[in-house]
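Numbering (this note's numbering), first residue to last: 26 to 224.
Virtual Cβ for every residue (Gly too), placed ideally from N, Cα, C.
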Amino acid sequence: MNILSTKKVLAGALVVLGLSMTSTLTGCLTDDKKDTAPVDTSHHTAWGTSMTANLGAQAHPTLGSVLDLDSGKVWLSAVANQNQAKIDLVYLYYNNAAHLDGARAARDSGAKYTINLTNTYDTTKVKDIMMVKVTAKPADQEAGRTAYTAGSLIRSTTIAAGDKFVVKTTEGKYTYVEITAIAGTTAGTADVSFIMGSL
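Written out as structure tokens, the structure reads:
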């Protein structure tokens, strides 16, 4: 009987020790102080230098229709086909209007309206680039990001000179885009001014 009661005492001691350790560990894990630093709302990142891209719609004989905002390059069809995962925007003319389409939307429009430039894009490669129409250039990059996150996201839109957008690129950068000039139909041209963000 002494052995049995020794076992009971030992088991009871282990339970008490276990409860004590649990309380100690719980106390160590609980912290009334906040570990996050306050958000600095006074910091504003200025936009960089504006660049201009001269785009041609899908039937233009010499100008490319595809824009990679991250590299600042306009691509003709052959180069765009080799770099589909990097395509941000495509300037197209269809359904009697000029359009600015994100990469995946350009593929979908190409399939719907038989646009040979984009209808064979690989849906596993092109990204669903989104943009938000704005009424004015955001004051800084933080304001651009705020406009994008608070706005109505679109994949494709008809465009006219003076239209302004904030676009999130394939590399996740918020970029300000403005249509500065536009003319013509399927062989038409569009001048696009854009400023890459670093956020």
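(request) Work out the CA separation of glycine 197 and threonine 149 for me, nearest whole Å. (result) Mapped onto the sequence shown, residue 149 falls at position 124. Mapped onto the sequence shown, residue 197 falls at position 172. Threonine 149 and glycine 197 have their C-alpha atoms spaced approximately 18 Å apart.
(message) Give me the residue from Lys158, Ser102, Val151 with the minimum Cα distance to isoleucine 204.
(response) Here residue 204 corresponds to residue number 179 of the sequence shown, with the count starting at 1. For the residues Lys158, Ser102, Val151, the minimum Cα distance to isoleucine 204 belongs to Lys158.
(request) Determine which residues share a DSSP beta bridge with lysine 158 and list them. (result) Counting from 1 along the sequence shown, the entry for residue 158 is found at position 133. As DSSP reads the structure, lysine 158 sits in a beta bridge with Phe190.
(request) Quick one: which unbroken beta strand (DSSP E) runs of 3-plus residues sit fully inside the stretch 78 to 130? Chain order, please. (result) Restricted to the stretch 78 to 130, the beta strand (DSSP E) segments that are unbroken, complete and at least 3 residues in length are 91 to 93, 98 to 100, 114 to 119, 122 to 127, listed in chain order.
(message) Output needed for serine 223: all residues of its chain with C-beta closer than 8 Å, excluding positions within five of it in sequence on either side, in chain order.
(response) The count along the sequence shown starts at 1 and reaches residue 223 at position 198. Within the same chain, serine 223 has close Cβ partners Thr70, Gly73, Gln166, Lys198.
(request) Buried or exposed for lysine 59, please, with buried defined as at least 16 other CB atoms from any protein chain shown within 10 angstroms of its CB. (result) Position 34 of the sequence shown, counted from the start, is the residue given in the question as residue 59. The predicted position of lysine 59 is uncertain, since its pLDDT is 47 and thus under 50; no value can be drawn from it.
(request) Measure the C-alpha to C-alpha separation of isoleucine 207 and alanine 185 and round it to an integer number of angstroms. (result) As a position in the sequence shown, residue 207 is number 182, starting the count at 1. As a position in the sequence shown, residue 185 is number 160, starting the count at 1. Going by the C-alpha atoms only, they are around 7 Å apart.
(request) Tell me whether lysine 137 is buried or exposed, calling it buried when 16 or more other Cβ atoms sit within 10 Å of its Cβ. (result) Position 112 of the sequence shown, counted from the start, is the residue given in the question as residue 137. Taking all protein chains in view, the Cβ of lysine 137 is surrounded by fewer than 16 other Cβ atoms within 10 Å, so the residue is classified as exposed.
(request) Return the chain-ordered list of same chain residues with a C-beta closer than 6 Å to the C-beta of asparagine 144, the five sequence neighbours on each side being excluded. (result) Along the sequence shown, read from residue 1 onward, the residue named residue 144 stands at position 119. So the list reads Gly135, Ala136, once near-sequence residues are dropped.
(message) Could you compute how far the alpha carbon of alanine 5 sits from the alpha carbon of histidine 68?
(response) Outside the shown range of the chain (26 to 224) lies residue 5, about which nothing can therefore be said.
(message) For tyrosine 116 and alanine 123, I'd like the C-alpha separation in whole angstroms.
(response) Looking up residue 116 in the sequence shown gives position 91. Looking up residue 123 in the sequence shown gives position 98. Spanning the two alpha carbons is a distance of roughly 7 Å.
(request) Could you spell out where the alpha helix (DSSP H) holding threonine 211 opens and where it closes? (result) To locate residue 211, count along the sequence shown from 1; it is residue 186. It is not in any alpha helix (DSSP H) - threonine 211 carries neither H nor E in the DSSP assignment.
(message) Given this structure, state the Cα-to-Cα distance separating threonine 171 from asparagine 108, to the nearest angstrom.
(response) Indexing the sequence shown from 1 puts residue 171 at position 146. Indexing the sequence shown from 1 puts residue 108 at position 83. Rounded to the nearest angstrom, the two C-alpha atoms are 29 Å apart.
(message) Would threonine 200 and leucine 94 be called neighbours here (beta carbons separated by less than 8 Å)?
(response) For the purposes of this step, residue 200 is identified with residue 175 of the sequence shown, where counting begins at 1. For the purposes of this step, residue 94 is identified with residue 69 of the sequence shown, where counting begins at 1. In terms of Cβ geometry, threonine 200 and leucine 94 form a close pair [threshold 8 Å].
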